[in-house]
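Numbering (UniProt numbering), first residue to last: 1 to 199.
Ideal Cβ positions, reconstructed from N, Cα and C, are used throughout, including at glycine.
None of these values were measured; they are calculated from a predicted model.
This is the structure:
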């Protein structure tokens, strides 16, 4: 009830009679409206005693659509005056609003779009990094095993422990050590330099 009365009052040529508690308009305005939309015929002579109270309550809590957005995040222009789209002239106004929306959308350019990395590709990158770390650790384990097998007779336990810590701290040293596997003298000189730089 309230919505229909509110809609009528907001139409051109209609008003509200506070003493008579009803919608008012000239006879020819009523005739024209009833031809187009017969549902409003009942309000020509009907009163709505509590309209002001209902209007005071409903106006603040009724969605007007003025802040509506569609699924693509584009703004839609709603009726800010609370009137519906049931008359022919309002339908025309609404079409104009739709055209305005299209004009506004032309402002957004595709260059503003950024491609987000997908979760799958991010996880794949992490897996590759972890695999690289794992392969470095495997090389470190092999280097430490080779150190104990090949050079435990040349270095004492404290020196071997320091070498193990140095190789673990800097995995690149472990790969250099492994590259000297077939050259014992060069390998031992390298290990001595590592001990000298890591007291």
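Contact check, residue i vs residue j, beta carbons under 7 Å
i           : j           : result
residue 13  : residue 34  : no
residue 54  : residue 2   : yes
residue 148 : residue 191 : no
residue 187 : residue 180 : yes
residue 198 : residue 166 : yes
residue 43  : residue 11  : no
Per-residue DSSP class, three states only, for residue i
i           : result
residue 19  : coil
residue 24  : strand
residue 56  : helix
residue 182 : coil
residue 50  : coil
residue 11  : coil
residue 37  : coil
residue 31  : helix
residue 189 : helix
residue 142 : helix
residue 45  : coil
C-alpha gap between residue i and residue j, whole angstroms
i           : j           : result
residue 143 : residue 193 : 17 Å
residue 22  : residue 38  : 17 Å
residue 154 : residue 160 : 9 Å
residue 196 : residue 170 : 15 Å
residue 158 : residue 168 : 15 Å
residue 41  : residue 25  : 12 Å
residue 178 : residue 146 : 8 Å
residue 15  : residue 6   : 10 Å
residue 51  : residue 45  : 15 Å
residue 19  : residue 57  : 20 Å
residue 31  : residue 17  : 19 Å
residue 27  : residue 47  : 17 Å
residue 175 : residue 141 : 11 Å
residue 152 : residue 182 : 16 Å
residue 4   : residue 36  : 15 Å
residue 156 : residue 150 : 13 Å
TODO: Could you pull out every unbroken beta strand (DSSP E) segment of at least 3 residues lying fully inside the stretch 150-175, listed in chain order?
DONE: none
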